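Numbering (this note's numbering), first residue to last: 1 to 308.
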């Protein structure tokens, strides 16, 4: 895993840890082999000799157990007093799949630009409108909240259009039970050609695996949309409708079309390497655009917005 060092808000170092436990997954059979390893040490040296704010970002794609922390100078806890807390939930794209490091996932970049403290509940493969996730969002103290909904519902093929609307409304209702007036931003999926008009489930591209590449394909039939199977285009339309309907009674609810963050033109320039997840360059673009849409002007999270 990758560890990032930020000094006074700027990326100042990046390294990996040797050793550690490993889990090897056989994509062909789905089996996993676990092997214990030695404790690894990560060291950041040659820091500027002055008072500074230091942040160590832990890997976003593996479990880290802190065994010991050593410094050669006195340290004090970093104060975040006065900074608003942004709580975000989404899929593996929000978790940071294919980002270069933990501090350069798109939510981390957006939080840095927006000057807020991020709590990232990006759950790879599991942004499925689960009630327990809604309760976790409800019970987590936050000033600003966003939920990115769609891609996992399509590529897992877990529900139909009839169930989607009530599930979204129930999810938002639960969040509102704990955060009745906090700015709440609903974000639809970014552009993803394999699922724009083709339902799931998604699957590994077997031919690509044979070449040693990891790529995804959509296995559904576009004709099944008539029977209520979900596609990204359908989800964007429904989310826009649901938010517009709820806004008549909830002035602090907002909507952002994910294609404003990464659209068809972006895919032509920066295609999704595995057909599903944005690469490091695309994460940066998405983060910059989210910050501009949400934190500036009349954005949902601009400082003039009401905070609970």
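All C-beta atoms, glycine included, are put in the ideal place defined by N, C-alpha and C.
Being a predicted model, the structure only gives us computed values, none of them experimental.
- Annotated as proximal: residue 284 and residue 109, with beta-carbon spacing under 8 angstroms.
- The Cβ-Cβ distance between residue 78 and residue 62 does not fall below 8 angstroms.
- Assignment of residue 14 by DSSP, reduced to helix, strand and coil, places it in the strand class.
- Between residue 175 and residue 261, the C-beta gap is not smaller than 8 angstroms, which leaves the two residues out of contact.
- As computed with DSSP, residue 57 is found in a beta bridge with 4.
- Checking the DSSP bridge columns, you'll see residue 119 partnered with 87.
- Rounded to the nearest whole angstrom, the CA to CA distance from residue 288 to residue 34 is 38 angstroms.
- A straight-line Cα-Cα distance of about 7 angstroms links residue 279 and residue 273.
- Counted as a single uninterrupted DSSP element, the beta strand (DSSP E) harbouring residue 34 occupies residues 32 to 35.
- Sorting 151, 290, 182 by C-alpha distance to the C-alpha of residue 129 places 151 at the top.
- Three or more beta-carbon pairs drawn from the segment 236 to 246 and the segment 162 to 179 are found closer than 8 angstroms, and the two stretches are therefore classed as touching.
- Between residue 181 and residue 252, the gap from beta carbon to beta carbon is short of 8 angstroms.
- Residue 295 sits close to residue 113, with the two beta carbons spaced by under 8 angstroms.
- Looking at 249, 67, 264, the one whose alpha-carbon comes closest to that of residue 194 is 264.
- Residue pairing of residue 186 in beta bridges, as defined by DSSP: 147, 255.
- For residue 291, the enclosing alpha helix (DSSP H) covers residues 280 to 295.
- Around the beta carbon of residue 300, 16 or more other beta carbons lie within 10 angstroms, which makes this residue buried.
- The shortest CA-to-CA distance from residue 38 to any of 57, 18, 119, 293 is the one to 18.
- For residue 168, the enclosing alpha helix (DSSP H) has its first and last residue at 161 to 178.
- Straight across, the Cα-Cα distance linking residue 212 with residue 205 is about 11 angstroms.
- If you draw a straight line from the Cα of residue 210 to the Cα of residue 302, it is about 48 angstroms long.
- Annotated as distal: residue 270 and residue 293, with beta-carbon spacing of 8 angstroms or more.
- Secondary structure remark: continuous alpha helix (DSSP H) runs of at least 4 residues inside the segment 177 to 241, in chain order: 193 to 196, 206 to 210.
- The criterion of a C-beta distance shorter than 8 angstroms is not satisfied by residue 154 and residue 117.
- Excluding the 5 residues flanking it on each side, residue 23 has same chain C-beta neighbours closer than 6 angstroms at 32, 34, in chain order.
- Remark: C-beta atoms of residue 105 and residue 60 approach each other more closely than 8 angstroms.
- When the Cα atoms are used, residue 158 and residue 202 turn out to be separated by approximately 11 angstroms.
- For residue 133, the uninterrupted alpha helix (DSSP H) run begins and ends at 131 to 139, by DSSP.
- Looking at the backbone, the Cα of residue 218 and that of residue 26 are separated by about 21 angstroms.
- Just so you know, the alpha carbons of residue 28 and residue 234 end up roughly 32 angstroms apart.
- In terms of Cα proximity to residue 291, the closest of 144, 126, 192 is 144.
- Residue 136 holds the alpha-carbon nearest to the alpha-carbon of residue 121 among 15, 231, 136, 8.
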